[in-house]
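Heads up: the sequence shown runs through residues 1 to 461, numbered per the UniProt record's numbering. Ideal Cβ positions, reconstructed from N, Cα and C, are used throughout, including at glycine. A quick note: this is a predicted structure, and the numbers were derived from the prediction, not measured.
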Amino acid sequence: MDFRRRKLLQVGAAISSYFALPTLSLANTRKSNKEGWIYELTAEEATAEIVDGFQTDVLGFDGQIPAPTLRCRQGEPVTIIFTNKLKEPTTIHWHGLRIPIEMDGVPFLSQPPIMPGETFVYRFTPPDAGTFWYHPHVNSVVQLGKGLVGAIIVEEAEPVLFEEEHTLLLKHWHLDQQGQWKQLMIPRYSARMGTPGEWGTVNGEHEPVYSLRENATTRLRIANVDNTLTYPIAIKGAEAWVVAIDGNPIKTPYPLEQHKISPGMRLDLALHAPKQGEKVYVQYMKGRFPFPLCTFESVASEISSPASLPALPLNPVPDLDLKNASEMDFVFEWEGAISPTKKDGKVDSKFWLMNKRAWEGMNKNSIPAPLATLELGKTYIFDLKNVTQYHHPIHLHGHTFTVLELDGIKLDEPFHTDTVLLGKNGSAKAAFVADNPGKWMYHCHVIEHMKTGLMGYIEVV
Ligand code: C2O
Ligand code: CU
Ligand code: CU
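Okay, here's the thing in structure tokens:
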């Protein structure tokens, strides 16, 4: 199978194929050449039928489950006019996008929280193409857990065309069989792997079935938008190639056997749709038996033979200066139950430490000290060490890591990511150029872990 970069022949055809994508609805969009991509977006309470035949109270972007997929293009400005129609403050964070701190959507570090009824305009130009996602950075257990999670897709500056493209948002909802909410966070689980939801969905639907056109070159953009679960993913019924990890294309695509997608992480796959009538399964390899997440069925098409799979250009992640790099240790630890009671009588459990500190939370009058202060323009190697029995997807805002080493093994082909998965007692060496000034969140993306201590920030000055 050969990968080659396909030149765009017809701009008209390219645009229409983007808008012919059937998987997710497009937000209310007005595109103008001068101003770029413009979206209006709200966060609001809504109801959705997630469990067949039952209505669930959810929080939805534009009141929708799944949230509208925002599309824009690498190097072109995008504007999102966001209105908070919730009953509580919120923000939107653009996970994986290397954009200025003012647009990063973290309350107090990058902007004041957006109060109920307020509108905030996010405006940025994404430097990288790929599969990214967006979510609030306020009351995350509830706001993400109840549905405020969506995809933002940054198309390549020079469009790379697949004949089929599907975005798959993976999430297990904390719902019972009647679509009623169960606890989003149970402390004895927060101190372990986190509280899993029970109702598995792709794009808010349980085991959906999609169609593919026979022989079509197909791109699957898979994003784990779940609060807790790691999905080891496999594909049955077609040979799937890994083409991008966490939004970033890899140099040498390889056939997928299994890939662990932890909360916050993404995986882009390329494959050929099989013959008419045949099926492709996306499987969750939990334990010994695979669970189906969704199915694709091939239908008749005009594509008589499979074209070669297009290759993705690499993202312009800054070159590392490893000779002059500084190395920093970050140790992730479990500290058992320290459960101070807050003034309002609520228990504020802390179970996890990052370099001996548990995140204490912040407000406009008190912002804790950074975990580290980095010099603008310098290369850093983060030595990540997980000394716990549970895995942690460690995420850094505003920058892209280059993973040099995993579990003590030097990688032949380092890869780029915004979220490094540390297995139980695992380690990694992840390098990056601190080229984006600001205070950048740095946390585990298992939402309960970040809530119960595994969070902090680094400052780049
Ligand atoms: Cu998706 Cu602070 O993260
Ligand atoms: Cu992020
Ligand atoms: Cu964690």
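**Prompt:** At a cut-off of 7 Å, is V420 close to ligand 3 when judged by its beta-carbon and the heavy atoms of the ligand?
**Reply:** no
**Message:** At the level of alpha carbons, what is the spacing between E448 and Q276?
**Reply:** 44 Å
**Item:** Pair within 8 Å by beta-carbon distance, H445 and G423
**Value:** no
**Asked** How do the segment 70 to 88 and the segment 119 to 136 stand: do at least 3 beta-carbon pairs fall below 8 Å, yes or no?
**Response** yes
**Message:** Could you check whether H172 and G145 sit closer than 8 Å to each other, using their CB atoms as the reference points?
**Reply:** no
**Prompt:** Helix, strand or coil: which one does DSSP assign to S301?
**Reply:** coil
**Request:** With a threshold of 16 other CB atoms inside 10 Å of the CB of F289, please say whether the residue is buried or exposed.
**Result:** exposed
**Closest by C-alpha distance to L109, when choosing among H137, P66, S349, R357** = H137
**Item:** Contact the segment 379 to 395 vs the segment 356 to 367: 3+ CB pairs below 8 Å
**Value:** no
**Request:** Sort out for me which residues DSSP pairs residue 528 with in a bridge.
**Result:** No answer is possible for residue 528: the residues shown for the chain start at 1 and end at 461.
**Asked** According to DSSP, is G36 helix, strand or coil?
**Response** strand
**Asked** So which of K350, D412, I65, Y254 has the shortest CA-CA distance to A151?
**Response** I65
**Prompt:** Hey, how far is the Cα of P313 from the Cα of E156?
**Reply:** 8 Å
**Item:** Spatial neighbours of E207 in its chain, beta-carbon cut-off 8 Å, leaving aside the 5 residues before and after
**Value:** G200, P292, L293, C294, T295
**Asked** Assuming N227 and P263 make a contact with CB atoms under 8 Å, what is their CB distance in whole Å?
**Response** 6 Å
**Request:** Quick one: residues in its chain with C-beta nearer than 7 Å to the C-beta of L21, no 5 flanking neighbours on either side, listed in chain order?
**Result:** Residue placement at L21 cannot be trusted, given a pLDDT of 31 that sits under 50; what the coordinates show is reported in the next sentence. The answer, listed in chain order, is E165.
**Message:** P370 and K439 - do their beta-carbons sit closer together than 8 Å?
**Reply:** yes
**Message:** Between which residues of its own chain and E163 is the CB-CB distance below 6 Å, once the five residues before and five after are set aside?
**Reply:** A216, T217
**Item:** Proximity to E158 [Cα-Cα], best of E49, Q143, V331, C72
**Value:** C72
**Prompt:** Thinking C-alpha only, which one of K410, T90, H95 is nearest G247?
**Reply:** H95
**Those residues which DSSP pairs with E333 across a bridge** = L353
**Request:** For the segment 126 to 191, list the beta strand (DSSP E) runs that are entirely contained and at least 3 residues long, ordered along the chain.
**Result:** 130 to 135, 150 to 155, 164 to 173
**Request:** Measure the beta-carbon distance from R266 to I222 and round it to whole angstroms, keeping in mind my assumption that it falls under 8 Å.
**Result:** 6 Å
**Prompt:** Using CA coordinates, which residue listed in V317, N324, D319, A238 is at the minimum distance from Q283?
**Reply:** A238
**Message:** Can you tell me whether R98 is buried or exposed? The criterion is at least 16 other CB atoms within 10 Å of its CB, across all chains shown.
**Reply:** buried
**Request:** Would you check if the distance between the CB atom of I394 and the CB atom of V420 is smaller than 8 Å?
**Result:** yes
**Asked** Where does K451 fall in DSSP's three states?
**Response** helix
**Item:** Exposed unless 16 or more other CB atoms sit within 10 angstroms - verdict on K429
**Value:** buried
**Prompt:** Applying the criterion that 16 or more other CB atoms from any shown protein chain within 10 Å of the CB defines a buried residue, is G336 buried or exposed?
**Reply:** exposed
**Inter-residue Cα distance where the pair is Q55 and T47** = 6 Å
**Message:** Closer than 7 Å to a non-hydrogen atom of ligand 4 - does that hold for the CB of M441?
**Reply:** Absence of ligand 4 is noted for the structure shown, with ligand 1, ligand 2 and ligand 3 being the only ligands found.
**Asked** Is the closest heavy atom of ligand 2 to the C-beta of H166 under 7 Å?
**Response** no
**Request:** May I ask you to check if the CB of H392 is nearer than 7 Å to at least one heavy atom of ligand 1?
**Result:** no
**Prompt:** Could you give the residue range of the beta strand (DSSP E) that holds E405?
**Reply:** 401 to 406
**Asked** DSSP state of E413, grouped into three classes?
**Response** strand
**Request:** Just the C-alpha distance for G60 and W334, rounded to the nearest angstrom, thanks.
**Result:** 33 Å
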